[in-house]
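>
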Amino acid sequence: AEERELIDLTETYLDYIDERVLWVRSLAPLSLDDASAVSEAIGGLLTVSGWLKTGRSVWRGVREHWLLLVAGAAALLALVVFRMRLGRRITAVNRARKDVFLGTLEVLALSALLSVTWPGLIALAGWTLREGGSDVFPRSVGSALLHVAFTLLPLEILRQVSRDEGLGAVHFRWPLDSLRALRRHLVWFEAASSPILFLTAFAGAHGQSPVHEPLRRLAFAGGCVLVAVFSVVALRPGAALAGGFIARKAE
130 AEERELIDLT ETYLDYIDER VLWVRSLAPL SLDDASAVSE AIGGLLTVSG WLKTGRSVWR
190 GVREHWLLLV AGAAALLALV VFRMRLGRRI TAVNRARKDV FLGTLEVLAL SALLSVTWPG
250 LIALAGWTLR EGGSDVFPRS VGSALLHVAF TLLPLEILRQ VSRDEGLGAV HFRWPLDSLR
310 ALRRHLVWFE AASSPILFLT AFAGAHGQSP VHEPLRRLAF AGGCVLVAVF SVVALRPGAA
370 LAGGFIARKA E
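The sequence shown begins at 130 in our numbering and counts up by one.
1. Going along the chain, which residues of its own chain have a beta-carbon closer than 6 angstroms to the beta-carbon of G201, five neighbours each way excluded?
2. Quick test of the definition: if touching needs 3 or more C-beta pairs under 8 angstroms, does the segment 262-280 touch the segment 228-241?
3. When burial is assigned at 16 or more other CB atoms within 10 Å of the CB, is V167 buried or exposed?
4. Around the Cβ of W188, are there at least 16 other Cβ atoms within 10 angstroms (buried) or fewer (exposed)?
5. For the alpha helix (DSSP H) containing Q289, name the first residue and the last one.
6. Run the CB neighbour count on T141, radius 10 Å, all protein chains shown included, and call it buried at 16 or more, exposed below.
7. Does DSSP classify G352 as helix, strand or coil?
8. Report the three-state DSSP secondary structure of L159 (helix, strand or coil).
9. Under DSSP, the alpha helix (DSSP H) around G249 begins and ends at which residues?
10. Which term fits P343, buried or exposed, when burial requires 16 or more other beta carbons within 10 angstroms of its beta carbon?
11. Give me the residue from A321, G190, H341, H314 with the minimum Cα distance to A371.
12. Judging by CA-CA distance, which residue of I136, V270, L197, W247 is the nearest neighbour of T176?
13. Taking L287 and A298 to be in contact with their CB atoms under 8 angstroms, please state how far apart those CB atoms are, rounded to whole angstroms.
14. For a test of the three-state rule: what should DSSP assign to G201, helix, strand or coil?
15. Mind reading off the beta-carbon distance from F279 to F318? Whole number of angstroms is fine, and I expect it under 8 angstroms.
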């Protein structure tokens, strides 16, 4: 009976927490005292010994998984070689089948293929490091590169969709000025967010390390600020990106 009462009381408290407690602080706020830990973490990232271990991990990963790496590299090379042909195919489909659903699906698939090159190369390097790394440093670098690759891929797909003769302009009939503005903003957003994401993932791969945890939190906060800046610059009503859609809706 007492055990049953304890279970009921535990469930009651859990229900209370689920309904009313939105956030529980698990760490103290960042302060100036964390500056030394952040400096130490960044210094550790820049050490020669760490990158020598990374180089050895790459070699080990290549030796152990050379067949998969050759296949992945060949696929990426094929995408580079046939990149212009894929672009011409998108143009041909747009002219012949822009109002056909299968044509839209084909252009979407081709746009995704065009987007894979850089994220795929980063992912291949990250996977090699993670699989070949026997030390925390190279495995953390590999994990960080994988996070960067998986984040860049949807952004690159969106950038390809926003081509002048791409999926957005031809099949969805989105405003061309808005699409050009989106592509322009995505270029700087990808360039700025990649190092921030790398630092966040690199520090997070060390777990709750007192040295790396402040860096992870600081980098994450920087990423949030970057997203806010992108939203204000690119998505405000007066900006070219949002303005084209608003003007079209008002017509």
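Built from N, CA and C at the ideal position, the CB exists for glycine as well.
Predicted, not measured: the structure shown is a model, and the values here were computed from it.
Looking at the coordinates:
1. L253
2. no
3. The residue is buried, with at least 16 neighbouring Cβ atoms inside 10 Å.
4. Exposed, because fewer than 16 other Cβ atoms sit within 10 Å of the Cβ of W188.
5. 265-290
6. Classified as exposed, T141 has fewer than 16 neighbouring CB atoms from the shown chains inside 10 Å of its CB.
7. Correct three-state label for G352: helix.
8. coil
9. According to the DSSP assignment, G249 belongs to the alpha helix (DSSP H) that extends over 246-261.
10. That one is buried.
11. H314
12. V270
13. Not confirmed; about 13 angstroms, so no contact.
14. helix
15. Between F318 and F279 the Cβ distance is about 16 angstroms, and since that is not below 8 angstroms, they are no contact.
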